[in-house]
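**Q** Dropping the structure in here first, questions after.
Structure, rendered in structure tokens:
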């Protein structure tokens, strides 16, 4: 048997596997828990501060506060349900409503 014929015979199983793996999977829709939820960005501003709020599916996820007066840095108030909560956050910056987080370094 010529070498070229042997080479073609050895390539056939790989080609068959590639065709089988390349078949399209049926569309099953979005994964559970990842439905199309409406997101809103709300900005409130007065003489003393600017507040940006992110709501997803009607629930508040993040509130960012940027003071305009004085040397206070901006901070975030995270949602009370634990979304984006940092691990081991027992720093004393937590309130009865939600923890506050100060961003020290921003890139």
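Numbering (mature numbering (1 follows the signal peptide of the UniProt record, and there is no 0)), first residue to last: -22 to -1, 1 to 85.
Ideal Cβ positions, reconstructed from N, Cα and C, are used throughout, including at glycine.
1. If residue 17 sits next to residue 46, beta carbons under 8 Å apart, how far is it from one beta carbon to the other, in whole angstroms?
2. Assuming residue 34 contacts residue 15 under a Cβ cut-off of 8 Å, what Cβ separation, rounded to an integer in Å, is found between them?
3. Identify the continuous beta strand (DSSP E) that holds residue 16 and give its terminal residues.
4. To the nearest angstrom, how far is it from the Cα of residue 29 to the Cα of residue 19?
5. Go ahead and label residue 44 buried or exposed: buried means 16 or more other beta carbons lie within 10 angstroms of its beta carbon, across all protein chains shown.
6. By Cβ distance, which residues of its chain are closer than 6 Å to residue 42, with the 5 residues on each side in sequence left out?
7. For residue 37, count neighbouring C-beta atoms within 10 Å of its own C-beta (all shown protein chains included) and say buried if the count is 16 or more, exposed if not.
8. Under 8 Å between C-beta atoms, does residue 30 make it to chain D?
9. Residue 40 lies in the beta strand (DSSP E); which residues open and close that run?
**A** So, to answer that:
1. That pair is no contact at about 26 Å.
2. 5 Å
3. Where residue 16 is concerned, there is no enclosing beta strand (DSSP E), given that its DSSP letter is neither H nor E.
4. 10 Å
5. exposed
6. 30 and 54
7. exposed
8. The structure shown contains no chain D, having only a single protein chain.
9. 37 to 45
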